[in-house]
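Student:
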Amino acid sequence: MEAAAAAWHEEGDSPQDPEALVLTTFQEVQESLNATPHLLRLGRLFSETVLVEVDGQEIYLSFDQGRIASVTEGPSRKTPWRFALRTDGAALEEFWRARPEPGFHDIFGLVKIGRGRIDGDILCLVKNLRFFKEVMGLARMDEGKAA
Numbered sequence: 001m002e003a004a005a006a007a008w009h010e011e012g013d014s015p016q017d018p019e020a021l022v023l024t025t026f027q028e029v030q031e032s033l034n035a036t037p038h039l040l041r042l043g044r045l046f047s048e049t050v051l052v053e054v055d056g057q058e059i060y061l062s063f064d065q066g067r068i069a070s071v072t073e074g075p076s077r078k079t080p081w082r083f084a085l086r087t088d089g090a091a092l093e094e095f096w097r098a099r100p101e102p103g104f105h106d107i108f109g110l111v112k113i114g115r116g117r118i119d120g121d122i123l124c125l126v127k128n129l130r131f132f133k134e135v136m137g138l139a140r141m142d143e144g145k146a147a
């Protein structure tokens with residue numbers, strides 16, 4: 001997790017391959033989630049596929065009883081998803097900082113400032129809101145590494 005987070009947050013450098021970095025970050029979130037018991041308990045009833053689209057790159061997060069069963073790169077017209085979070089790479093980079101700027105601290109904040117969009121079954125998202133927001137926050141950089 002630390003390697004991908006550090007690559008996102010290096011001063012003055014942009015990642016070599018932003019698409020690969022986003023995919024790698026979500027794969028590391030998958031590992032971190034398995035090591036976070038309170039989130040596994042919180043999401044134990046959540047078994048859906050979520051689309052996260054970053055700068056047009058589609059990533060499908062398939063959850064099974066609160067665990068990320070697979071992280072799959074798209075696009076795919078055959079992969080059904082329940083809801084989608086669409087944003088740009090710069091906004092996601094700011095979202096994943098240890099202390100993001102106002103508006104970038106939350107997925108609904110991204111929508112409010114016009115840097116994100118949520119599509120699909122909003123009821124499913126709202127039912128599992130705390131779980132999904134905390135999973136997205138797992139990629140946040142540690143406070144000590146942000147300085």
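Residue 11 in full-length UniProt numbering sits at position 11 of the sequence shown, and the numbers go up by one each step.
C-beta atoms are modelled at their ideal positions from N, C-alpha and C, and glycine is treated no differently.
1. Look at residue 108 and residue 95 and say whether their C-beta atoms are less than 7 Å apart.
2. Determine the closest residue to residue 133 out of 79, 35, 85, 74, with distance taken between C-alpha atoms.
3. Which whole runs of the beta strand (DSSP E) in the segment 81-112 are 3 residues long or more, in chain order?
4. In chain order, what residues of the same chain lie with their CB nearer than 8 Å to the CB of residue 59, ignoring the 5 residues before and after it?
5. How would you call residue 128, buried or exposed, if buried means at least 16 neighbouring beta carbons within 10 angstroms?
6. Could you pull out every residue in the same chain whose Cβ sits closer than 8 Å to the Cβ of residue 130, ignoring the five residues on either side in sequence?
7. So, at 6 Å on beta carbons, what are the nonlocal neighbours of residue 40 in its own chain, with the 5 sequence-adjacent residues on each side left out?
8. For residue 113, which option in 141, 101, 119 has the closest C-alpha, if you only look at C-alpha atoms?
9. Once the 5 residues before and after residue 30 are set aside, which same chain residues still bring their CB inside 7 Å of it?
10. Is the beta carbon of residue 63 closer than 7 Å to that of residue 46?
11. Around the C-beta of residue 160, are 16 or more other C-beta atoms found within 10 angstroms, so that it is buried, or is it exposed?
Tutor: Let me spell this out:
1. no
2. 85
3. 83-87
4. 22, 23, 26, 51, 52, 53, 71, 72, 73, 74
5. buried
6. 42
7. 66
8. 101
9. 68, 71
10. yes
11. Since the displayed the chain opens at 1 and closes at 147, residue 160 lies outside it and no answer follows.
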